[in-house]
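**Student:**
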Amino acid sequence: MTSKNIATSENKYFNLHVNGIGYLSNIRQVNGPKGQFLTAVINALSGPADNPVYVRFDTTVVGENTISLVRRCIKAVDEDKKVLTGFTLSNLASDIFTLTKGEHAGEQRVSLKARLLNIDWIK
1 MTSKNIATSE NKYFNLHVNG IGYLSNIRQV NGPKGQFLTA VINALSGPAD NPVYVRFDTT
61 VVGENTISLV RRCIKAVDED KKVLTGFTLS NLASDIFTLT KGEHAGEQRV SLKARLLNID
121 WIK
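The working numbering numbers the first residue of the sequence shown as 1 and each following residue consecutively.
In structure tokens:
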């Protein structure tokens with residue numbers, strides 16, 4: 001009797017998720033090479049509650065439910081109201097960009113990019 005190895009086409013991934021609390025801002029519809037998609041900035045709270053540090057994430061919003069929830073916040077964000085949310089991010093990556101305006105023009109900064117997978121709650 002011989003045994004055969006059966007190959008599968010199943011992809012396997014290692015998932016890195018970031019859960020946090022932060023403020024939504026800069027929600028916009030973007031036209032890309034693969035069509036339109038929704039993006040938002042999340043300024044996540046980190047550190048002690050009485051003196052938090054903000055960590056900015058430039059996110060691509062994914063999933064029907066998450067897209068719907070973020071779209072409902074557009075008006076409030078555009079009116080500069082604070083929209084606090086509990087969230088889950090994935091596919092965290094960094095990018096370096098150069099500032100083009102202001103007193104820090106020419107300086108380089110790091111941008112943290114991620115996919116906004118889930119909104120647990122919104123205030």
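All C-beta atoms in this analysis are idealised placements derived from N, C-alpha and C, irrespective of residue type, glycine included. Keep in mind the model is a prediction, meaning the values are calculated, not measured.
Is the beta carbon of I96 less than 8 Å from the beta carbon of V83?
**Tutor:** By the CB criterion at 8 Å, I96 and V83 fall outside the cutoff.
**Student:** Verify the contact flag: T66, CB atom, against every heavy atom of the ligand GDP, threshold strictly below 7 Å.
**Tutor:** Ligands are entirely absent from the displayed structure, and the ligand GDP is therefore not among its contents.
**Student:** Can you give me the Cβ contacts of L125 inside the same chain, cut-off strictly under 8 Å, excluding the 5 residues immediately before and after it?
**Tutor:** The shown model of the chain, from 1 to 123, leaves out residue 125, and the question about it has no answer.
**Student:** Within the region 23-100, note down every full beta strand (DSSP E) run reaching 3 residues or more, in order along the chain.
**Tutor:** 35-46, 53-61 and 84-98
**Student:** For K123, which three-state DSSP category applies?
**Tutor:** coil
**Student:** DSSP on A105, reduced to helix/strand/coil?
**Tutor:** coil
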